[in-house]
Amino acid sequence: MNSMFDRISGVYDRMNRVMTAGLDQSWRARAAERARLEPGMKALDLCCGTGDLALMLAERVGPEGEVTGADFSRPMLDLALEKAKQEGLRQAQFKWADALDLPFEDESFDAVTIAFGARNLADLDKGISEMRRVLVPGGRLVILEITQPRRQPLAGFFGLWFDRIVPMLGKVAGDSSAYTYLPESVRSFPDAETLAGRLDAAGLRHVRWTLMAGGIIALHSGVR
2 MNSMFDRISG
12 VYDRMNRVMT
22 AGLDQSWRAR
32 AAERARLEPG
42 MKALDLCCGT
52 GDLALMLAER
62 VGPEGEVTGA
72 DFSRPMLDLA
82 LEKAKQEGLR
92 QAQFKWADAL
102 DLPFEDESFD
112 AVTIAFGARN
122 LADLDKGISE
132 MRRVLVPGGR
142 LVILEITQPR
152 RQPLAGFFGL
162 WFDRIVPMLG
172 KVAGDSSAYT
182 YLPESVRSFP
192 DAETLAGRLD
202 AAGLRHVRWT
212 LMAGGIIALH
222 SGVR
């Protein structure tokens with residue numbers, strides 16, 4: 002899995018913009034808002050990729066706060082660090098980490114976010130447990146993820162886009178296998194209601210979820 006993300010790191014941002022018609026950044030902004038961070042707080046952005054959401058969080062916590070972006074792809078982390086330097090966000094740091102065995106103490110963060118990474122976890126429940134573990138009491142977990150729409154005509158369009166067009170775009174970008182994996186991973190991931198139940202079962206309180214983009218994107222949150 003990490004080798005796949007290493008391979009696509011150079012085209013990751015561009016492909017995200019193309020596949021979502023540029024909407025992915027607005028969805029990340031919604032996730033950053035849901036984290037309810039204040040200046041001086043500490044946040045963890047898990048599976049941070051090239052750092053887009055982590056940098057949004059860094060702007061919210063300000064220079065007195067701290068944001069850690071964690072990922073298992075070093076090329077992605079290198080790109081994230083370069084973005085942070087370009088934007089002058091010294092409060093953002095990036096490190097390699099295994100999402101199922103986080104190298105952080107209990108109750109370390111006021112918020113934990115994960116955008117378009119939860120479906121890549123080999124053990125989702127273990128990942129949720131780890132995210133809850135590193136949250137302070139009252140801290141907030143936010144999950145932004147693609148979900149499969151159930152209603153027509155969007156369900157038909159979703160199938161056409163992800164099964165046919167996205168792999169073709171991946172081929173043009175130089176890695177069709179990575180973008181064939183994408184629709185497969187979405188289909189194997191729990192739907193929004195089921196994911197909410199998993200968060201509740203993990204001990205998170207005030208679990209809520211919102212569907213965006215006609216039901217293609219789900220934004221979940223819960224409080225430790």
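Counting in the working numbering, the sequence shown runs from 2 upward without gaps. Every residue, glycine too, gets a C-beta built ideally from N, C-alpha and C. Computed from a predicted model, the values in this text were never measured in an experiment.
Contact check, residue i vs residue j under 8 Å by CB: the rounded distance?
{"i": "A202", "j": "S130", "result": "Not really, about 10 Å apart at Cβ, beyond 8 Å."}
{"i": "H221", "j": "I144", "result": "4 Å"}
{"i": "G70", "j": "A93", "result": "7 Å"}
{"i": "L101", "j": "D124", "result": "6 Å"}
{"i": "L47", "j": "A33", "result": "Wrong, their Cβ atoms sit about 14 Å apart, outside the cutoff."}
{"i": "F190", "j": "R120", "result": "4 Å"}
{"i": "D43", "j": "D111", "result": "The displayed chain sequence assigns Lys, not Asp, to residue 43. Between D111 and K43 the Cβ distance is about 5 Å, and since that is below 8 Å, they are a contact."}
Counting along the chain, where does the beta strand (DSSP E) carrying residue i start and finish?
{"i": "V208", "result": "R206 to M213"}
{"i": "V68", "result": "E67 to D72"}
{"i": "V224", "result": "I218 to V224"}
{"i": "A44", "result": "K43 to L47"}
Check this for me: beta carbons of residue i and residue j, under 9 Å apart or not?
{"i": "R206", "j": "R188", "result": "no"}
{"i": "R141", "j": "G223", "result": "yes"}
{"i": "S217", "j": "I115", "result": "A small correction: the amino acid at residue 217 is Ile; Ser does not occupy that position in the sequence shown. The answer is no: Cβ separation not under 9 Å."}
{"i": "M77", "j": "S10", "result": "yes"}
{"i": "L38", "j": "L58", "result": "yes"}
{"i": "L45", "j": "F6", "result": "no"}
{"i": "V113", "j": "L80", "result": "no"}
Taking the continuous alpha helix (DSSP H) assigned at residue i, which residues delimit it?
{"i": "L82", "result": "R75 to E88"}
{"i": "S109", "result": "Note, S109: premise wrong, no alpha helix (DSSP H); not H, not E."}
{"i": "I129", "result": "L125 to R134"}
{"i": "A119", "result": "Premise fails: A119 is in no alpha helix (DSSP H) and is neither H nor E."}
{"i": "L101", "result": "No alpha helix (DSSP H) holds L101; DSSP gives it neither H nor E."}
{"i": "W28", "result": "D25 to R35"}
{"i": "E194", "result": "A193 to A202"}
{"i": "L58", "result": "D53 to V62"}
{"i": "D14", "result": "Y13 to M20"}
Just the C-alpha distance for residue i and residue j, rounded to the nearest angstrom, thanks.
{"i": "V19", "j": "E67", "result": "31 Å"}
{"i": "D99", "j": "R151", "result": "32 Å"}
{"i": "S4", "j": "S74", "result": "8 Å"}
{"i": "E108", "j": "G52", "result": "23 Å"}
{"i": "L212", "j": "D192", "result": "11 Å"}
{"i": "G89", "j": "G215", "result": "36 Å"}
{"i": "M132", "j": "F95", "result": "17 Å"}
{"i": "G41", "j": "A197", "result": "29 Å"}
{"i": "Y13", "j": "P138", "result": "34 Å"}
{"i": "A85", "j": "T195", "result": "35 Å"}
{"i": "L82", "j": "Y182", "result": "26 Å"}
{"i": "V62", "j": "L122", "result": "27 Å"}
{"i": "R209", "j": "F159", "result": "24 Å"}
{"i": "A156", "j": "Q87", "result": "40 Å"}
{"i": "P184", "j": "R199", "result": "22 Å"}
{"i": "M16", "j": "R91", "result": "27 Å"}
With a 10 Å radius around its C-beta and 16 neighbouring C-beta atoms as the bar for buried, classify residue i as buried or exposed.
{"i": "G50", "result": "buried"}
{"i": "S27", "result": "exposed"}
{"i": "G128", "result": "buried"}
{"i": "Q153", "result": "exposed"}
{"i": "A30", "result": "exposed"}
{"i": "D25", "result": "buried"}
{"i": "M169", "result": "exposed"}
{"i": "Q149", "result": "buried"}
{"i": "R35", "result": "buried"}
{"i": "P64", "result": "exposed"}
{"i": "A22", "result": "exposed"}
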